[in-house]
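Under my numbering, the first residue of the sequence shown carries the number 692, and numbering increases by one thereafter.
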Amino acid sequence: MTSLDQTAPGTPATGDGEAPREGLRPVPYRGGGFRPAPIRLVGPIVFLAIIALWEAGSRSGVISNLVLPAPSQAFEAFSYLVESGQLWRHLSASLQRLVIGWTLGTALGIAVGLAIGLFSLARAGLLPLVSALFPIPKIALLPLFVIWFGIGEGSKVATILFGSFFPTVIATYGGVDNVDRTLVRMGQSFGLSWWSIVGKIILPGAMPAILSGCRISASIGIILLVAAEMIGAEYGVGAYILMAGSLFATDQLLAGVAILSVLGLIVSWLIGRLERWLLAWRG
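And the structure:
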């Protein structure tokens with residue numbers, strides 16, 4: 692007898708005249724797949740526990756304040772940044788560079804990735820070039836960008852653009868390659884145009900990989916932002932961290948690192964919201 696025939700105690704007899712079966716319960720639904728269940732409080736609790744242990748270790752002397760200052764000291768340095776108005780100067784400069792560089796790099800990366808995934812000629816010509824340039828450390832090219840674009844904003848934006856471009860290209864054409872070809876053939880058999888197949892089948896199928904590439908490129912962009920601002924920048928989070936490190940002001944240095952961490956969390960949250968909107972069809 693299969694599990695579908697099992698009924699809960701007290702269930703009326705079925706139409707075939709069978710009596711209720713005692714001691715049997717309905718089989719719970721187990722078709723949810725591997726969809727993660729949101730548990731909202733675990734992350735903040737773990738974070739607060741680490742901060743509390745860190746603060747306790749600093750106050751008890753287990754952790755030296757010269758090596759790693761207490762979170763309260765870093766918070767005082769951050770409060771001074773806010774009160775003096777320096778926070779917005781540094782943050783606005785960094786955000787401007789990050790938004791321009793990452794947006795341009797991501798847009799170009801998606802365009803080139805789609806071209807590689809959809810056209811054989813573009814794949815033959817551009818894929819070897821991408822494979823050759825991607826392993827190059829982008830920070831190593833920063834002096835070259837300074838020579839090409841100057842010490843100002845151009846070299847900083849170009850560094851972020853170059854670093855964001857390649858992960859997006861690889862994620863985009865990889866997502867296109869992983870689209871189920873049966874769906875494409877089905878669209879062709881129904882007489883859909885090339886544009887309809889790309890817009891209704893290939894792009895939705897590749898969108899999860901494209902958005903994952905956007906997450907990776909955003910993280911790389913923040914890393915390159917700090918590196919670029921450490922060369923010839925008056926304002927910016929990277930310039931602030933470099934200044935704090937040169938003065939051995941570890942509390943200010945930690946405040947700058949915390950700003951970058953919060954910036955990364957905000958960017959990740961925004962991309963997550965974009966994923967929910969663009970991938971709502973997945974259910």
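Note that beta-carbon positions come from the ideal geometry of N, C-alpha and C, so glycine has one too.
| Residues near PHE939 in its chain [Cβ-Cβ closer than 8 angstroms; skip 5 each side] | none
| task | Identify whether PRO762 lies in helix, strand or coil by the three-state DSSP scheme. | result | helix
| Three-state secondary structure (DSSP) of PHE1029 | No answer is possible for residue 1029: it lies beyond the span of the chain, which begins at 692 and ends at 974.
| query | Which residue comes first and which comes last in the alpha helix (DSSP H) that contains ARG731? | reply | Counting along the chain, ARG731 falls outside any alpha helix (DSSP H), and DSSP gives it neither H nor E.
| When DSSP labels each residue in this structure, what does SER908 get in the three-state scheme? | helix
| Which one of SER855, SER755, GLY845, GLU746 has the shortest CA to CA distance from PRO834? | GLY845
| query | Can you give, in chain order, each stretch of the alpha helix (DSSP H) that sits fully within the segment 779–847 and has at least 4 residues? | reply | 811–824, 833–840
| request: Report the residue from ILE901, PHE857, THR941 whose alpha carbon sits nearest the alpha carbon of VAL870. | output: ILE901
| Residues of its chain near PRO729, where Cβ-Cβ distance is below 7 angstroms and the 5 sequence neighbours each way are ignored | none
| request: Starting from the Cα of HIS781, find the closest Cα among THR941, GLY955, ILE932, GLY963 and give me that residue. | output: ILE932
| said: Helix, strand or coil for MET921? Go by DSSP, reduced to three states. | reply: coil
| request: Pull up the distance between the alpha-carbon of SER908 and that of PRO717, whole angstroms please. | output: 48 angstroms
| query | What's the call for LEU916, buried or exposed, on a 16-neighbour Cβ count within 10 Å? | reply | buried
| request: For GLY792, count neighbouring Cβ atoms within 10 angstroms of its own Cβ and tell me buried if that reaches 16, exposed if not. | output: buried
| field | Pairwise C-alpha distance: PRO858 and GLN879 | value | 31 angstroms
| In three-state terms, what does DSSP make of ARG716? | coil
| field | Reduced DSSP category for ALA768 - H, G, I as helix; E, B as strand; rest coil | value | helix
| message | Within 10 Å of its beta-carbon, does ILE807 have 16 or more other beta-carbons around it, so buried, or fewer, so exposed? | response | buried
| Smallest Cα separation from LEU799: which of GLU746, PHE856, LEU812? | PHE856
| query | Helix, strand or coil: how does DSSP classify LEU961 here? | reply | helix
| Between THR797, VAL958, ARG731, TYR771, which lies nearest to LEU786 when the distance is taken from Cα to Cα? | VAL958
| field | Top-ranked residue by Cα proximity to ILE893, from LEU817, GLU966, LEU805 | value | LEU805
| field | Span of the alpha helix (DSSP H), counted from its first residue to its last, around ALA935 | value | 928–937
| query | Who are the near neighbours of ALA765 in its chain, counting only those whose CB is closer than 6 angstroms to its CB and skipping five residues on each side? | reply | ASP942, LEU945, ALA946
| Between the Cα of GLU761 and the Cα atoms of ILE830, GLY776, TRP745, which residue gives the shortest distance? | The displayed chain sequence assigns Ala, not Glu, to residue 761. When each option's Cα is compared against that of ALA761, the closest is TRP745.
| Residues near PRO895 by beta carbon distance below 7 angstroms, same chain, minus five either side | TRP972
| query | Are the beta-carbon atoms belonging to PHE825 and ILE801 less than 8 angstroms from one another? | reply | no
| request: My understanding is that ALA689 touches GLY936, with C-beta atoms under 8 angstroms, so please give their C-beta distance in whole angstroms. | output: Since the first residue of the chain shown is 692 and the last is 974, residue 689 is not available in this structure.
| task | Measure the beta-carbon distance from ALA897 to VAL867 and round it to whole angstroms, keeping in mind my assumption that it falls under 8 angstroms. | result | 5 angstroms
| request: Determine, using beta carbons only, whether ILE913 and LEU789 come nearer to each other than 8 angstroms. | output: yes
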